[in-house]
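**Q** Just so you know, the sequences run in chain order D and P. For the first sequence, the numbering used here gives the first residue as 1, with consecutive numbering after it. For the second sequence, the numbering used here gives the first residue as 1001, with consecutive numbering after it.
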Amino acid sequence: MRIACPFCGARDSGEFTYLGDASPKRPAAPLDGGAAVEEQFYDYVYLRDNVAGFTREYWYHGGGCRSWLIAERSTTTHEFKSVAAAPGAGAAKTAQAGER
Amino acid sequence: MPDFLWNSQSPLEKAVIAGRHGAGKGTPGVSLSHVGDIALVQVMARRGRNADVAKAAKKLFGTETPAMLKVANGKSATLIWSGPDQFLAFSQQPRSAPSLEQMEEAFAGTASLSNQSDGRCLIRISGPSANDALAKLTSLDLHDSVFPVGAAATTSIDHTAVNFWREADDAGANPAYAMLVFTSFADTLWHLIVDSSLEYGVEVAAIGAGH
Ligand SMILES: [Zn+2]
């Protein structure tokens, strides 16, 4: 299996490591916002969908350019629909790392 | 109390055995060499300071920063792309390359520098069978149309991180490559390359040193 790093091109999947689901967004609410917020954070930290089909997930090109990437991959066929740099990868973009 | 004498020596001091190894006579399929005493600095642009880094590099090395997956040949150093917005400044002539102090001044506030001169080891491989020997080690496609002279890659060879690039063809018009590997992994990688090259006949050069 090969993964097309947006910086390095297609590389052997052995150069990459999988982190996990890239969809969860950190709740904008303050941590001490009561039971409702606690519920949101519980969801954000622990709960994941078990999708049959395309998911957005984090991959790390540690055996190459050492960039964090976000890939759309099918859990049923392993087809990669897209691989893009995670926000904050490289210095050109002014965004900080992490989803917002 | 004995006096200690500290000698700097190459991590490949014992591994490099000059001469012909492996199959056949005549033209060796693979030529291998190691050059010690290099100047090598990792340069990483700080957030949003890419343009300033390019400007400073142009002034200091006489070349733009390398494009993605490329090498840029400057007057005083070769700049090797090593990832988004970062490169290695490499010279085989440490005495005539910009010093770390000069680089610190040139990139002050725009890039972070890390001196890797004693952290990485340079291995060169070339020859008519160099691609065949490398095909056993790397998943990179080294065909001319994909990896021409001046191409660069950061990749893993035998689970070891290497900076790999293609230099000008050798005197026999055969492809020539250079790789930088962490010094502690150099010995393993060297033996792996030699073993992979034996069937083509390999000529190992005596350790050279930059000046
Ligand atoms: Zn990459």
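Positions of the beta carbon are idealized from the N, C-alpha and C atoms, including for glycine.
(1) Residues bridged to P/W1190 by DSSP?
(2) Would you check whether ligand 1 has a heavy atom nearer than 8 Å to the C-beta of D/F7?
(3) If the cut is a Cβ gap below 7 Å, which residues of chain P does D/Q7 touch?
(4) For the alpha helix (DSSP H) holding D/Y42, just list the boundary residues, first then last.
(5) Less than 9 Å between CB atoms is the rule here; does P/S1076 satisfy it with respect to chain D?
(6) Of all the options D/Q40, D/F54 and D/V37, which has the alpha carbon lying nearest to the alpha carbon of D/S82?
(7) Run down chain D in chain order and give the residues with a C-beta less than 8 Å from the C-beta of P/T1154.
(8) For P/G1210, which of helix, strand or coil comes out of DSSP?
(9) Would D/A86 pass as an interface residue toward chain P - the criterion being a Cβ-Cβ separation below 9 Å?
(10) For chain P, is any of its Cβ atoms less than 9 Å away from the one on D/A89?
(11) Based on the DSSP output, what are the partners of P/V1204 in its beta bridges?
(12) Just checking: is the beta-carbon of D/G53 within a distance shorter than 9 Å of some beta-carbon in chain P?
(13) Which word fits P/V1120, buried or exposed, when buried means at least 16 other C-beta atoms lie within 10 angstroms of its C-beta?
(14) With a threshold of 9 Å between beta carbons, is P/A1057 in contact with chain D?
(15) What's the gap between the Cα of D/G14 and the Cα of P/S1156?
(16) Out of P/A1130, P/A1106, P/Q1102 and P/T1110, point me to the one whose CA is closest to P/S1196's CA.
(17) With a threshold of 16 other CB atoms inside 10 Å of the CB of D/Y46, please say whether the residue is buried or exposed.
**A** Concretely, from the data shown:
(1) In the DSSP output, where bridge partners are listed per residue, P/W1190 has none listed.
(2) Remark: the shortest separation between the CB of D/F7 and any heavy atom of ligand 1 falls under 8 Å.
(3) The question names Gln, but residue 7 of chain D is Phe in the sequence shown. Near D/F7 (Cβ distances below 7 Å), the residues of chain P are M1068, G1083 and P1084.
(4) D/Y42: member of the alpha helix (DSSP H) spanning A35 to Y46, first to last residue.
(5) No, P/S1076 does not count as interfacial toward chain D.
(6) Of D/Q40, D/F54 and D/V37, the residue nearest in Cα terms is D/F54.
(7) Chain D residues near P/T1154: C8, G64, C65 and R66.
(8) Because P/G1210 sits at a pLDDT of 49, beneath the cut-off of 50, its placement in the model cannot be relied upon, and the following sentence gives the value as read from the coordinates. Correct three-state label for P/G1210: coil.
(9) Closer than 9 Å to the CB of D/A86 there is not a single CB belonging to chain P.
(10) Closer than 9 Å to some Cβ of chain P, the Cβ of D/A89 qualifies, so yes.
(11) Looking at the DSSP output, P/V1204 shares a beta bridge with P/G1019 and P/L1032.
(12) No, its Cβ sits nowhere closer than 9 Å to a Cβ of chain P.
(13) Checking the displayed sequence, the identity of residue 1120 of chain P turns out to be Arg instead of Val. Flag for P/R1120 reads buried.
(14) So, not an interface residue.
(15) If you draw a straight line from the Cα of D/G14 to the Cα of P/S1156, it comes to about 9 Å.
(16) Nearest Cα to P/S1196 within the set P/A1130, P/A1106, P/Q1102 and P/T1110: P/A1130.
(17) Answer is exposed; the Cβ neighbour count stays below 16.
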